[in-house]
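A.B. asks:
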Amino acid sequence: MTAASHSTPHPGLRARLTAPARTVWAKHDRGTDGWLPLWRHMEDSAAVAGLLWDTWLPANVRALVSSELPEGLGDGRRLAVWLAGVHDIGKATPAFACQVDPLADRMRDAGLQMRSAKALGPDRRIAPHGLAGQALLGEWLRERHGWARKQVGQLAVVVGGHHGVPPEPGQITALQRHGHLLRSPGPSRAAWQRVQDELLDACADEYRVRDRLAAWRDVRLPQTAQVLLTSLVIVADWIASNADLFPYFPQDAARSGEERVAAAWRGLDLPAPWSPPDPTEDAQQLIGSRFGLPEGAKARPVQEAAIELARSMGGPGLMVIEAPMGEGKTEAALAVTEIFAARSGAGGVFFALPTMATGNAMFPRLLEWLERLPSTRDAEHTVLLAHSKAALNERFADLMRDSRQQIVAVDLDAEETRHAAPAGLVAHTWLRGRKKAMLASFVAGTIDQLLFAGLKSRHLAMRHLAVAGKVVVIDEAHAYDTYMSVYLDRVVAWLGAYGVPVVILSATLPARRRRELVEAYAGTDGTPEAFADVAEATAYPLLTAVTPGGSPVMRGPGASGRGTDVVLEPFDDGMDALVGRLAHELDGGGCALVVRNTVTRVLETAKALRATFGDENVTVAHSRFIDVDRAAKDAGLLKRFGPPGAAQGRPAGPHIVVASQVAEQSLDVDFDLLVTDLCPVDLLLQRMGRLHRHRRGEGQRDRPERLRRARCLVTGADWQAEVPVPVRGSVAVYGAYALLRSAAVLLPHFEQGAGRPVRLPDDICPLVQGAYADDAGVPTGWADAMADALWHRERHLADQAERAAVFRLGKVGAPGRPLFGWVAAGVGDTDDSPAGRAQVRDTRDGLEVLVVQRRADGSLTTVPWLGPDRNGKPLGSLELPLDQVPTRQAARAAASCGLRLPTQFSYADVMERAIAELEELYVPAWQVKDSHWLSGQLILALDEDCQTHLAGFSLSYSESDGLEVTRD
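The numbering of the sequence shown is the numbering used here, which starts it at 1 and goes up by one.
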């Protein structure tokens, strides 16, 4: 269906224009000398906008755009189509038209005189065509339709910002002083104005807004609607500017506009948004059918309560689900998501997670849920794994391969060329790339993708469109520090303004953060008393819900009844003591988890333990493995230490896993004994979630007798001092204050031991809130140390907040206030690269390398221990020729060996030296378009002993231990 099919056929723009207006050009291909007249691109863009509105935009986006317009959705569609039609009116100016001499000459012959591009000189940059179009549209609305100057900006800014950056006030002022860039002075000036007005008049008539302009004059368009209209125009322009879909003249001059648009839309083949019905099943049926519960299994109380609360809310809103590890929060969130989507008109889901590893783990779960949804069975929907290494994920790579299509106009009588089935989940070819990928309907990815929506950057409107039409789920909300929270809170506030349904998940969320998130979404600045109960709630599990502008509602559903008592014991930090204690505890067999706060301590601990237990009985897991090894480590841990019935090969004899913080999140693993460095109490509780996580026989009788009671030894501190002294590495990671507060709330459990175990889940809330409360008590004798630690913490947090605020997006402005300067003083382009992530995370800009092996003869290969692919083809020791592009298999295998170098390499002088040394291995043959896996990558070549030197450090890598770094 084309835009024109909504009403009586229109004559088209060309028929409304005089000869001079028809000569104005919009597109030119220097290679073929093909071109498009402006009227043709205007028609194409408007028609595409109408189709996007009718068949692709989620219902909630259309509703928000239309919310303040007198005739609702009808006005919304007319406005969107018209703005898409006029978005390039700034090309009808001398500043733009002078760029291609033959096309400019045609315009001169029609009476539109202009100086050459060389003669106009650098002043041309004062009038980019978006800004010029904003000025022309504003003038037309004022002079021909009686709009006040302050009213025109809210619409004209859509034209001004269609290249990703709304103009700033200074740019507008500068253009006003250079009128010759909009119309050539002298006799030709009137001709230029006639053509500009003629084009704008023609669009007003063709898209039937002339009679609506008076009614729209008093509308105050919300800034959220301005953003969405801008992003819709950007998408329409991108599609209409694709020469494969909309060929240039003279090639395509013969076809009618409707034929041209129909062929392009058929070739693009964008799936419609998700539009689920409101599920009618009760909570038990809903959870059972959507997640394949076995016969007799029941929904957890948290899941039932979340579904009931979602159904009782007056409209779309935010729900915070706080519940213990293993209570089914993910399933509860997805069940709530289905209800929220049905009731709000959201057309998709974004599931945001803290790391790439957790994103990879969530992606297949999201797909399985989608495949069970009745609303997705007979339709095609787009999916995305959103992080920088998603192409290496086998499941997502399969979807991309199976969904491939050629984006080209397809005539109505042409053969279908699509590879994917007509219904199902696809990774659509057009929805790929940094700016468009997040427009897919269903996305699992890192939290960075959401935080980018709060970062002033180019094409920010596209990121807003990507989340505005979805239900957003934020997992592990406790995992984000102050720096990230500055961005998260601002994004949540914009989500509330958009009316986007949001579900936030956490097992250990401090009450202050709960309140901050709820207040940000509700948008109730100035009425904190309404939210006092949110910060004071002590129920656990706890559900908190609020609608935009509303008051919060809370529910305390109770846990499922599954619980664990964990006996805590402070333990000396000496390595000999640890080895001896584990030898004693594991004498009768069993599996222990040792969690260290730094990779250095992980490796030191593993070395000491192997001397006693043997290499085969000690497993290492941390973040300094190449990507493929890290994934294999996670899979191996799940396979051996996962839930009963699912795990295979759980060691019977003594086995110890020594891990860093990678063991805290989203790994369903179960150990008999836990040893952990002192860390913030919420993270300590996450680590405890890996202790006796599953029932192994009645009363845990399938565990070794000595280990049938859950015990956690807390080390990483000098417990003999009057005030505990954490080890330096832990202080560097978490700060002394968080560690001392953790020790303080755990002190009664340390002192009373088995007489006062930590009761999970009952003690989770009091421990977390006690550690993070502003008025928390201080143990006797700790006051001075705590005060000093607090001073350093407050300075650090203030520094984080100040630095994060530099590029943070502003608050939602008043309705009618134009988006002028919306991303001023921003970061420019941003993406999910190390540099991009560093803008929304308080991390040093670390180096990422691809690890390969250099043989004695100087040739390069993939590292030798890589296992075969799914088809049994070897991936290890594949040749990486230096004089040509490696095979796709070899290049992809090398790309799977990405490694982020540790913080030693993030300091400016060391980084500069390291980059210089790495760039010595620059392979020109790999820097081509056909080598996308390797092009632009830094290559770290290990010798045949898997060692090398870099920037004054010795590097050694092993499949078992990952990267070890020592100073030369």
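Think of the CB as a built atom: it goes at the ideal place given N, C-alpha and C, for glycine as much as any other residue.
When burial is assigned at 16 or more other CB atoms within 10 Å of the CB, is E71 buried or exposed?
C.D. replies: Residue numbering aside, residue 71 sits at position 71 when the sequence shown is read from its first letter. Exposed, since its Cβ has fewer than 16 Cβ neighbours within 10 Å.
A.B. asks: Can you check which of these residues, L809, L746, H932 and A530, is closest to V778 by C-alpha distance?
C.D. replies: Translated into the one-based positions of the sequence shown, residue 778 becomes position 778. Nearest C-alpha to V778: L746.
A.B. asks: Over the uninterrupted alpha helix (DSSP H) stretch that includes Y737, give me the two end residues.
C.D. replies: Within the sequence shown, the letter at position 737 stands for residue 737. Its alpha helix (DSSP H) spans residues A736 to Q752.
A.B. asks: Okay, do the segment 186-193 and the segment 154-170 touch, 3+ Cβ pairs below 8 Å being the bar?
C.D. replies: No, the segment 186-193 is not in contact with the segment 154-170.
A.B. asks: Comparing alpha-carbon positions, which option in D774, T376 and T429 lies nearest D402?
C.D. replies: Along the sequence shown, one-based indexing puts residue 402 at 402. Of the listed residues, the one whose Cα sits closest to D402 is T429.
A.B. asks: Measuring CB atoms only, is the segment 529-547 touching the segment 315-324, in the sense that at least three cross pairs come out at less than 8 Å?
C.D. replies: Enough Cβ pairs lie closer than 8 Å, so yes.
A.B. asks: Should the segment 657-676 be regarded as contacting the segment 598-610, the criterion being three or more beta carbon pairs within less than 8 Å?
C.D. replies: Yes: at least three Cβ pairs fall under 8 Å.
A.B. asks: Between which two residues does the beta strand (DSSP E) harbouring A27 extend?
C.D. replies: As a first step, residue 27 is located in the sequence shown; it is residue number 27 there, counting from the start. As written in the sequence, residue 27 is Lys, which differs from the Ala given in the question. Taken as a continuous stretch (DSSP letters only), the beta strand (DSSP E) holding K27 covers W25 to H28.
A.B. asks: With distances taken from CA atoms, which of L878, L221 and E944 is nearest A890?
C.D. replies: Here residue 890 refers to the residue found at position 890 of the sequence shown. When only C-alpha atoms are compared, the closest one is L878.
A.B. asks: Taking C-alpha atoms, which residue in P704, Q700, Y737 and L673 lies nearest to V714?
C.D. replies: For the purposes of this step, residue 714 is taken as residue 714 along the sequence shown, with counting starting at 1. Cα-wise, what sits closest to V714 is L673.
A.B. asks: Give the DSSP-derived three-state secondary structure of D565 in the structure shown.
C.D. replies: Here residue 565 is taken as the residue at index 565 of the sequence shown, counted from 1. In this structure, D565 counts as strand in the three-state DSSP scheme.
A.B. asks: Where does G146 sit, in a helix, a strand or coil, going by DSSP?
C.D. replies: Here the question's residue 146 lines up with position 146 in the sequence shown. Note: G146 maps to coil in three-state DSSP.
A.B. asks: Three-state secondary structure (DSSP) at F641?
C.D. replies: Looking up residue 641 in the sequence shown gives position 641. Three-state result, F641: helix.
A.B. asks: Can you tell which of F351, A379 and A592 has its C-alpha closest to the C-alpha of A477?
C.D. replies: What you label residue 477 is simply residue 477 of the sequence shown in a count that begins at 1. Ranking the options by Cα distance to A477, first place goes to F351.
A.B. asks: Only counting runs of 4 or more residues, tell me where the alpha helix (DSSP H) segments fall wholly within the segment 147-235, in order along the chain.
C.D. replies: Entirely contained in the segment 147-235, the alpha helix (DSSP H) runs reaching 4 residues are, in chain order, 149-160, 169-176, 189-206 and 213-216.
A.B. asks: V227: buried (16+ other C-beta within 10 angstroms of its C-beta) or exposed?
C.D. replies: Taking the sequence shown and counting its residues from 1, one reaches residue 227 at position 227. V227 is buried by the Cβ-count criterion.
A.B. asks: Below 8 Å CB to CB, which residues in the same chain sit around I764 once its five sequence neighbours on both sides are set aside?
C.D. replies: As a working note, residue 764 is residue 764 in the sequence shown. Correct list, in chain order: P324, A507, T508, Y540 and L685.
A.B. asks: What did DSSP end up calling P122 once you bin it into helix, strand or coil?
C.D. replies: Residue numbering aside, residue 122 sits at position 122 when the sequence shown is read from its first letter. Looking at P122 - three-state DSSP - the assignment turns out to be helix.
A.B. asks: Measure the C-alpha to C-alpha separation of L942 and T544 and round it to an integer number of angstroms.
C.D. replies: Working through the sequence shown from its first residue, we reach residue 942 at position 942. Working through the sequence shown from its first residue, we reach residue 544 at position 544. Near 52 Å, if we compare the C-alpha coordinates of T544 and L942.
A.B. asks: Do you know how far the Cα of W39 is from the Cα of Q99?
C.D. replies: Indexing the sequence shown from 1 puts residue 99 at position 99. Indexing the sequence shown from 1 puts residue 39 at position 39. One C-alpha to the other measures close to 18 Å.
A.B. asks: DSSP on V492, reduced to helix/strand/coil?
C.D. replies: The residue labelled residue 492 in the question sits at position 492 within the sequence shown. In the structure shown, V492 sits in a helix (DSSP, three-state: H, G or I).
A.B. asks: Contact defined as beta carbons within less than 8 Å: I believe V61 pairs with G469. What is the distance between those atoms, to the nearest angstrom?
C.D. replies: Walking along the sequence shown from the start, residue 61 turns up at place 61. Walking along the sequence shown from the start, residue 469 turns up at place 469. V61 to G469, Cβ: 5 Å. Contact.
A.B. asks: Does G898 come out as helix, strand or coil in the three-state DSSP assignment?
C.D. replies: Here residue 898 is taken as the residue at index 898 of the sequence shown, counted from 1. Note: G898 maps to strand in three-state DSSP.
A.B. asks: How big is the Cα-Cα spacing for V383 and T173?
C.D. replies: Start at 1 with the first residue of the sequence shown, and residue 383 comes out as number 383. Start at 1 with the first residue of the sequence shown, and residue 173 comes out as number 173. Answer to the nearest angstrom: the Cα atoms are 44 Å apart.
A.B. asks: Nearest to K633 by alpha carbon, out of V618, G645 and P644?
C.D. replies: On the sequence shown, residue 633 is found 633 positions in, with the first residue counted as 1. Of the listed residues, the one whose Cα sits closest to K633 is V618.
A.B. asks: Secondary structure at G590, three-state DSSP: helix, strand or coil?
C.D. replies: The count along the sequence shown starts at 1 and reaches residue 590 at position 590. Coil, per DSSP.
A.B. asks: Beta carbon of S441, beta carbon of P273: below 8 Å?
C.D. replies: By one-based count along the sequence shown, residue 441 stands at place 441. By one-based count along the sequence shown, residue 273 stands at place 273. Going by C-beta atoms, S441 is nearer than 8 Å to P273.
A.B. asks: Write down every uninterrupted run of the beta strand (DSSP E) in the segment 648-683 whose length is 3 residues or greater and which is fully enclosed by it, in chain order.
C.D. replies: You should have 655-659 and 673-677.
A.B. asks: Mind checking which residues open and close the beta strand (DSSP E) that includes L505?
C.D. replies: By one-based count along the sequence shown, residue 505 stands at place 505. Where L505 is concerned, the enclosing beta strand (DSSP E) stretches over V502 to S506.
A.B. asks: On the three-state DSSP scale, how would you describe V471?
C.D. replies: Reading the sequence shown from its first residue, position 471 is the one you call residue 471. Here V471 sits in strand by DSSP.
A.B. asks: List the DSSP bridge partners of C712.
C.D. replies: Here residue 712 is taken as the residue at index 712 of the sequence shown, counted from 1. Beta-bridge pairing links C712 to L568 and L674.
A.B. asks: Taking C-beta to C-beta, are E206 and L13 nearer than 8 Å?
C.D. replies: Indexing the sequence shown from 1 puts residue 206 at position 206. Indexing the sequence shown from 1 puts residue 13 at position 13. Yes, Cβ-Cβ distance for E206 and L13 is below 8 Å.
A.B. asks: Between R967 and P643, what straight-line distance do the alpha-carbon atoms span, to the nearest angstrom?
C.D. replies: Here residue 967 refers to the residue found at position 967 when the sequence shown is read from its first residue. Here residue 643 refers to the residue found at position 643 when the sequence shown is read from its first residue. Each residue's Cα considered, the two are about 41 Å apart.
A.B. asks: Tell me whether E415 sits in a helix, a strand or coil according to DSSP, three-state version.
C.D. replies: The residue given as residue 415 occupies position 415 in the sequence shown. With a pLDDT of 46 at E415, under the threshold of 50, the modelled position of this residue cannot be trusted, and the question is left open.
A.B. asks: Taking DSSP's pairing of strands, which residues face W35 in a bridge?
C.D. replies: Looking up residue 35 in the sequence shown gives position 35. Answer is H28 and F249.
A.B. asks: Excluding the 5 residues flanking A204 on each side, which residues of the same chain have their C-beta closer than 8 Å to its C-beta?
C.D. replies: Looking up residue 204 in the sequence shown gives position 204. Around A204: W82, R210 and L213.
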